[in-house]
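Contents: one structure, followed by commentary.
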Amino acid sequence: MTATKGSTVPMKPADWTKNLPRPAYKNLKKISAEDNWFSVYDLGHGTYAIYEDGQYEESISYLLLGKDRALLVDTGNGIANLRAQVRELTGLPVLLVNTHHHIDHVGSNYLFDEIAAFDDDMGLARRTAALGYFHEKAKTYIGGSAVWKPYPEGFDPAAFCIPPYRITRWLIDGEIFDLGGREVEVLHTPGHSPDSICLLDRGARMLWVGDMFYTGQIYTWLAGGDLNLLIRSYRRLVDLSSHYDLLMPSHNEPAIEKEMLRKALDGAVQVRDGSGEYIVLEGGRRKYDFGRFAFITGPDGK
Ligand SMILES: [Zn+2]
């Protein structure tokens with residue numbers, strides 16, 4: 498997910514907290530967190546989910562530990578100190594990689610020194626790193642019913658913005674992060690955004706999918722979104738499905754069964770072919786509901 502660019506389409510209804518706690522968390526091992534802002538879960542295989550359940554994006558960052566290095570996937574909304582939270586979990590050197598560069602994935606990027614990114618055609622990663630996101634946009638992520646937890650100590654809503662950050666490594670499709678006894682492969686999977694990547698850990702049998710899939714409303718209508726590319730990316734991931742069991746989305750719930758990706762592919766094909774049923778939202782955008790997930794397209798169904 499990401500911002501609504503000033504539109505009136507609600508990201509989530511005002512009563513979004515009634516979904517909490519979400520069912521997937523019942524079976525996960527919660528561990529104590531440095532800052533009450535984050536809820537931290539041990540997913541096994543040296544993998545942690547750092548969940549921002551106090552804010553309506555319900556962003557999830559992940560920490561993957563190898564023997565020599567740690568990989569941090571996404572940094573959420575930047576409301577609490579994610580670096581301190583990560584340091585509580587590991588003393589290893591940390592390389593940060595973002596699944597893409599929308600505001601709700603890069604909030605705490607500025608707190609990290611080593612940042613890898615995919616250089617997309619639209620320059621989304623470069624632009625976001627150079628500018629961050631200004632207060633005018635960032636404030637929409639904390640207004641109204643967006644936050645239910647108390648803000649962390651020292652957080653100033655009136656000054657909230659996403660600071661710029663420095664990308665230190667450009668990625669290519671197929672590249673491998675070697676964490677020491679653990680390898681994670683980069684897959685360029687555009688569709689939600691041009692810079693979207695997935696991360697495949699064949700050893701842990703986990704696939705990080707960013708905003709390509711989560712149990713919620715998946716957007717194809719944002720600038721740089723492309724339904725046809727999303728379908729192509731889904732196909733690529735489904736073709737690799739003998740190498741993973743669990744999907745690790747960047748919102749709402751971690752550790753989702755991989756079969757949902759096939760369902761997302763089927764749903765996206767229905768949307769494209771015009772056979773999917775939809776309702777029209779405010780602003781003309783369409784919502785195609787498939788139960789545990791939905792697609793929100795532009796008024797043209799793309
Ligand atoms: Zn998102």
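Under my numbering, the final residue of the sequence shown carries the number 799; numbering is consecutive throughout.
Where a beta carbon is used, it is the ideal one built from N, C-alpha and C, also for glycine.
Cβ neighbour criterion (16 or more within 10 Å) applied to residue i
i: M745; result: buried
i: T665; result: exposed
i: D565; result: exposed
i: K502; result: At K502 the pLDDT is 40, less than 50, meaning the model places this residue with poor confidence; the figure from the coordinates comes in the next sentence. With fewer than 16 Cβ atoms within 10 Å of its Cβ, K502 is classed as exposed.
i: R782; result: buried
i: R584; result: exposed
i: L628; result: exposed
i: S504; result: Since pLDDT at S504 reaches only 41, below the 50 mark, its modelled position is unreliable, and the value read off the structure follows with that caveat. Classification of S504: exposed, given that the 10 Å Cβ count is below 16.
i: E774; result: exposed
i: E779; result: exposed
i: G678; result: exposed
i: T499; result: Since pLDDT at T499 reaches only 45, below the 50 mark, its modelled position is unreliable, and the value read off the structure follows with that caveat. So T499 counts as buried.
CB contact flag (residue i, residue j, <8 Å)
i: V777; j: F792; result: no
i: P661; j: A626; result: yes
i: T717; j: F790; result: no
i: G604; j: I639; result: no
i: F631; j: A622; result: no
i: G798; j: G771; result: yes
i: V681; j: D698; result: yes
i: A752; j: L743; result: yes
i: L676; j: L579; result: no
i: Y741; j: A765; result: no
i: I600; j: K634; result: yes
i: G671; j: P691; result: no
i: A567; j: V591; result: yes
i: A577; j: F535; result: yes
i: L727; j: G688; result: yes
i: T596; j: W705; result: yes
i: K755; j: S738; result: yes
i: L540; j: L517; result: no
i: A701; j: H542; result: yes
i: L593; j: T572; result: yes
Start-to-end residues for the alpha helix (DSSP H) that takes in residue i
i: T625; result: 621-628
i: S730; result: 724-736
Among the options, the one whose alpha carbon lies nearest that of residue i
i: H685; options: R679, G678, S693; result: S693
i: I547; options: Y559, G541, L592; result: Y559
i: R545; options: N606, Q582, K523; result: What sits at residue 545 in the sequence shown is Tyr, not Arg. Considering only alpha carbons, the answer is Q582.
i: G588; options: L569, V594, A577; result: L569
i: H748; options: Q552, K526, P647, G543; result: Q552
i: E650; options: N533, N524, I528; result: N533
i: P647; options: D550, G678, F674, I669; result: D550
i: F710; options: G700, A701, L724; result: L724
i: W667; options: A643, N574, D617, F652; result: D617
i: L734; options: A643, C695, V594; result: C695
i: I669; options: V683, M703, A656; result: V683
Start-to-end residues for the beta strand (DSSP E) that takes in residue i
i: E682; result: 680-685
i: Q714; result: 714-716
i: D512; result: Unbroken run through D512: none, as it is neither H nor E.
i: L758; result: Careful: L758 lies outside any beta strand (DSSP E), inside the alpha helix (DSSP H) at 756-770.
i: L560; result: 557-562
Min CB distance residue i to chain C below 8 Å
i: E750; result: The structure shown contains no chain C; it is built from a single protein chain.
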